[in-house]
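Each position in the sequence shown, counted from 1, maps to that position plus 500 in the working numbering.
All C-beta atoms, glycine included, are put in the ideal place defined by N, C-alpha and C.
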Amino acid sequence: MTAREKPKNLWMGRWGFVLAATGSSVGLGNIWKFPYMTGEYGGGAFVLVYLACIAAIGIPIMIAEIGFGRRGRGSPIDAIRRVARESGRGSGWSLIGWMAMLCGFMILSFYVVVAGWSVSYLWKAISGGLNADSVDGMAAIFAANNANPWNLGFWSTLVTLATMFIVGKGVQEGIERSVSWMMPGLVIMLLIMIGYAMFSGGFGAAVDFLFGFELGKLSSEGLLAAMGHCFFTLSLASGAIMTYGAYLPDGKSIARTTFVVAICDTTVALMAGLAIFPIIFANGMDPSSGPGLIFMSLPLAFQQMPFGTLLEIIFFIMLTVAALTSAISMVEATIAWLNESKGISRVKASWGVGILLWIVSTLAMLSFNVGADWTLAGKHFFGWLDYLTSRFMMPLGGLGMAVLAGFVLRNEIFRSELGLSNAQHALWLFMIRYVSPLGIVLIFIDALGVMDL
Ligand code: PFF
Ligand code: NA
Numbered sequence: 501m502t503a504r505e506k507p508k509n510l511w512m513g514r515w516g517f518v519l520a521a522t523g524s525s526v527g528l529g530n531i532w533k534f535p536y537m538t539g540e541y542g543g544g545a546f547v548l549v550y551l552a553c554i555a556a557i558g559i560p561i562m563i564a565e566i567g568f569g570r571r572g573r574g575s576p577i578d579a580i581r582r583v584a585r586e587s588g589r590g591s592g593w594s595l596i597g598w599m600a601m602l603c604g605f606m607i608l609s610f611y612v613v614v615a616g617w618s619v620s621y622l623w624k625a626i627s628g629g630l631n632a633d634s635v636d637g638m639a640a641i642f643a644a645n646n647a648n649p650w651n652l653g654f655w656s657t658l659v660t661l662a663t664m665f666i667v668g669k670g671v672q673e674g675i676e677r678s679v680s681w682m683m684p685g686l687v688i689m690l691l692i693m694i695g696y697a698m699f700s701g702g703f704g705a706a707v708d709f710l711f712g713f714e715l716g717k718l719s720s721e722g723l724l725a726a727m728g729h730c731f732f733t734l735s736l737a738s739g740a741i742m743t744y745g746a747y748l749p750d751g752k753s754i755a756r757t758t759f760v761v762a763i764c765d766t767t768v769a770l771m772a773g774l775a776i777f778p779i780i781f782a783n784g785m786d787p788s789s790g791p792g793l794i795f796m797s798l799p800l801a802f803q804q805m806p807f808g809t810l811l812e813i814i815f816f817i818m819l820t821v822a823a824l825t826s827a828i829s830m831v832e833a834t835i836a837w838l839n840e841s842k843g844i845s846r847v848k849a850s851w852g853v854g855i856l857l858w859i860v861s862t863l864a865m866l867s868f869n870v871g872a873d874w875t876l877a878g879k880h881f882f883g884w885l886d887y888l889t890s891r892f893m894m895p896l897g898g899l900g901m902a903v904l905a906g907f908v909l910r911n912e913i914f915r916s917e918l919g920l921s922n923a924q925h926a927l928w929l930f931m932i933r934y935v936s937p938l939g940i941v942l943i944f945i946d947a948l949g950v951m952d953l
């Protein structure tokens, strides 16, 4: 048996991990993706399945993922290899880590484009460029913002630079320091938005739409989407949470922090839905209008509200901050790996990865203008990055981690790492062995029947 690996980096503050992990999980997935997916997949049924996935698949796997990180004390590749080796298993398992790292990079490549939308809308809000008196007018603004690759590329490049700048500065000085003011700021802005939304009325239709559970309405495609989104929203199987877990001091409860992160994430998603759908219904908009949903509906609503411009500015600052705290987590695995295993300085690694990221994200950005016709099976490059990561890579990585943690490793490893009571541990083991993997496999099988690849 190998000696327990010493940590190279640790969160300094008591709240370091919780802030960083919540920062990673609360992001565009909650405020941008969850509402438009719920709209596309028909509302309540999607929400119900999504919540079930969080409980049955997401939470047990997040516990395992943080456990792998802390036990192996390194990037996903190294952490998984070390933990597997501790049980006498081969380094082939580190493939899960490779896939996670690639997955985090692929997600980031389209994520910076959406974050770029957010920054560009912040700028429009400040400079008075979000004036239109109808949904169609707002849709035209969104289309015009996308049409010029130089414009769109400028904003996504800005996000790429900011992300790599923070990550390059290091775990404590860069990531921890930035989340320690961005996350409290995010909470304050969120509370302002919610307080405001509560008085703007029109909740009824939104509540019906989000919580009117009609399971019959859910397609296989929607089921697969809900499972994929559960991984996406909790930042699972993309290297982020595992790498952050590698910096978690011994003795902190992994299960407890997991619950905090998952509850915050779910709350923000539901609240985003409750804030956005009233506006959509009040304006007779189509809830299934896709990725542009919040960029067309919200500005329209803000215009008609007292202090609307101020709130609009707060909203897009909030969205940008939420996106940045997630973006930095997606690339940390790669930077940690280059730094720890390849001996490359964090600053150099950030430049290298940043340039690669810029190239791939620029290709993703072009999906909205000159590359709109570069499609395969009806999806452009941006769509493929999203589809492949959420529907396949993350669930597969989650399945791999569940099998490794539940069946392959010696039991003492997670017993000592998680430090749960016997009953709690038995429950976690049952979930990670049977419920989570079975859930993933069944949804895959169900989806196989309808895939039109
Ligand atoms: N959880 C983030 C969100 O909901 O926006 C997205 C994300 C972050 C996915 C980090 C994957 C990841 F590694
Ligand atoms: Na999320």
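Cβ pair count under 8 Å reaching 3, the segment 873-892 against the segment 916-932:
No, because fewer than three Cβ pairs between the segment 873-892 and the segment 916-932 fall closer than 8 Å, the two stretches do not touch.
Gly597 to Glu505 span [Cα, whole Å]:
Your numbering for residue 597 matches position 97 in the sequence shown. Your numbering for residue 505 matches position 5 in the sequence shown. Distance between the alpha carbons of Gly597 and Glu505: 17 Å.
Same chain, Cβ closer than 6 Å to Val860, neighbours up to 5 away in sequence not counted
As a first step, residue 860 is located in the sequence shown; it is residue number 360 there, counting from the start. Closer than 6 Å at Cβ, skipping near neighbours: Ser609.
Given 8 Å, three or more beta-carbon pairs between the segment 557-569 and the segment 798-807:
With a cut-off of 8 Å on Cβ pairs, the segment 557-569 is not in contact with the segment 798-807, counting fewer than three such pairs.
Just to confirm, are Val821 and Gly685 a CB contact at a threshold of 8 Å?
Counted from its first residue, the sequence shown places residue 821 at position 321. Counted from its first residue, the sequence shown places residue 685 at position 185. Contact flag set, yes.
Label Ser634 either buried or exposed according to how many other C-beta atoms from any shown protein chain fall within 10 Å of its C-beta, with 16 as the threshold for buried.
Along the sequence shown, one-based indexing puts residue 634 at 134. So Ser634 counts as exposed.
Rounded distance between the beta-carbons of Gly906 and Gly731, thought under 8 Å
Counted from its first residue, the sequence shown places residue 731 at position 231. Counted from its first residue, the sequence shown places residue 906 at position 406. Residue identity check: residue 731 is Phe in the sequence provided, not Gly. Not a contact, Cβ separation roughly 17 Å.
Counting along the chain, where does the alpha helix (DSSP H) carrying Val575 start and finish?
Your numbering for residue 575 matches position 75 in the sequence shown. Strictly speaking, residue 575 in this sequence is Ser, with Val absent from that position. DSSP places Ser575 in no alpha helix (DSSP H); its state is neither H nor E.
Thinking C-alpha only, which one of Ala877, Leu748, Ala872, Glu917 is nearest Arg514?
Along the sequence shown, one-based indexing puts residue 514 at 14. Comparing alpha carbon positions, the residue from Ala877, Leu748, Ala872, Glu917 closest to Arg514 is Leu748.
Which of helix, strand or coil DSSP assigns to Lys669:
Residue mapping note: residue 669 aligns to position 169 of the sequence shown, counting from 1. In the three-state reduction of the DSSP assignment, Lys669 falls in the coil class, being assigned neither a helical nor a strand state.
For Gly854, which residues in the same chain have their Cβ closer than 7 Å to its Cβ, ignoring the five residues on either side in sequence?
By one-based count along the sequence shown, residue 854 stands at place 354. The residues are Thr660, Met664.
Taking only three categories from DSSP, how would you classify Lys506?
Here residue 506 refers to the residue found at position 6 of the sequence shown. It is coil, neither helix nor strand.
Taking C-beta to C-beta, are Ala833 and Ala740 nearer than 8 Å?
Residue 833 sits at position 333 when you count from the first residue of the sequence shown. Residue 740 sits at position 240 when you count from the first residue of the sequence shown. Closer than 8 Å, so yes.
Classification of Val941 by the beta-carbon crowding that lies within 10 angstroms, buried from 16 upward:
The sequence position of residue 941 within the sequence shown is 441, counting from 1. Around the beta carbon of Val941, a 10 Å sphere encloses fewer than 16 other beta carbons of the protein chains shown; the residue is thus reported as exposed.
Could you tell me if Trp650 is buried or exposed, where buried requires 16 or more neighbouring beta carbons within 10 angstroms of its beta carbon?
Within the sequence shown, numbered from 1, the residue matching residue 650 stands at position 150. Around the C-beta of Trp650, fewer than 16 other C-beta atoms lie within 10 Å, and the residue is accordingly described as exposed.
Terminal residues of the alpha helix (DSSP H) in which Pro778 lies
As a working mapping, residue 778 is identified with position 278 in the sequence shown. Here the alpha helix (DSSP H) through Pro778 covers 754-782.
Cβ-based burial, Trp681 [other Cβ within 10 Å; buried from 16]
Along the sequence shown, one-based indexing puts residue 681 at 181. Exposed is the call here.
Indicate whether Leu528 and Val614 have their beta-carbon atoms separated by less than 8 Å.
As a first step, residue 528 is located in the sequence shown; it is residue number 28 there, counting from the start. As a first step, residue 614 is located in the sequence shown; it is residue number 114 there, counting from the start. Yes, the Cβ-Cβ distance between Leu528 and Val614 is below 8 Å.
Which stretch, first to last residue, makes up the alpha helix (DSSP H) that contains Met805?
Looking up residue 805 in the sequence shown gives position 305. Annotation: Met805 is outside any alpha helix (DSSP H) and is labelled neither H nor E by DSSP.
Can you tell me whether Leu876 is helix, strand or coil according to DSSP?
Translated into positions along the sequence shown, residue 876 becomes position 376. Strand at Leu876.
Helix, strand or coil for Ala632, going by three-state DSSP, please let me know.
Position 132 of the sequence shown, counted from the start, is the residue given in the question as residue 632. The answer is coil: DSSP assigns Ala632 none of H, G, I, E or B.
Identify, in the order they occur along the chain, each residue of the same chain with its Cβ nearer than 7 Å to the Cβ of Ser618, setting aside the five sequence neighbours on each side.
Within the sequence shown, numbered from 1, the residue matching residue 618 stands at position 118. Contacts found: Phe816, Leu819, Thr820, Ala823.
In this structure, does DSSP put Gly588 in helix, strand or coil?
Along the sequence shown, read from residue 1 onward, the residue named residue 588 stands at position 88. Three-state DSSP puts Gly588 in coil, outside helix and strand.
Contact set for Ser587: own chain, Cβ-Cβ below 8 Å, skip 5 residues either direction:
Sequence index remark: in the sequence shown, residue 587 carries index 87 (1-based). The beta carbon of Ser587 sits closer than 8 Å to those of Val908, Leu909, Arg910, Ile913, all from its chain and outside the five residues before and after it, given in chain order.
If you follow the alpha helix (DSSP H) that Leu622 is in, where does it begin and where does it stop?
Indexing the sequence shown from 1 puts residue 622 at position 122. First-last of the alpha helix (DSSP H) with Leu622: 595-627.
Which word fits Ile479, buried or exposed, when buried means at least 16 other C-beta atoms lie within 10 angstroms of its C-beta?
Past the boundaries of the shown model lies residue 479; the chain is included only from 501 to 953, so the question cannot be answered.
By alpha-carbon positions, which one of Cys553, Val760, Met638 ends up nearest to Pro895?
Taking the first residue of the sequence shown as position 1, residue 895 is located at position 395. Pro895 has its Cα closest to that of Cys553, out of Cys553, Val760, Met638.
At the level of alpha carbons, what is the spacing between Gly790 and Ser921?
Working through the sequence shown from its first residue, we reach residue 790 at position 290. Working through the sequence shown from its first residue, we reach residue 921 at position 421. As the crow flies, the alpha-carbon of Gly790 is around 45 Å from that of Ser921.
Residues in its own chain within less than 8 Å of Cys603 by CB, not counting five upstream and five downstream?
Working through the sequence shown from its first residue, we reach residue 603 at position 103. If we look at Cys603 and ignore the five residues flanking it on each side, its Cβ neighbours are Ala737, Ser738, Gly739, Thr889, Met893, Met894, Gly897.
Quick one: does the C-beta of Leu528 sit closer than 7 Å to a heavy atom of ligand 1?
Translated into positions along the sequence shown, residue 528 becomes position 28. Leu528 has its Cβ nearer than 7 Å to a heavy atom of ligand 1.
Given the structure, does Asp765 come close to ligand 2, in the sense that its CB is under 7 Å from one of the ligand's heavy atoms?
Along the sequence shown, read from residue 1 onward, the residue named residue 765 stands at position 265. Shortest gap from the CB of Asp765 to any heavy atom of ligand 2: under 7 Å.
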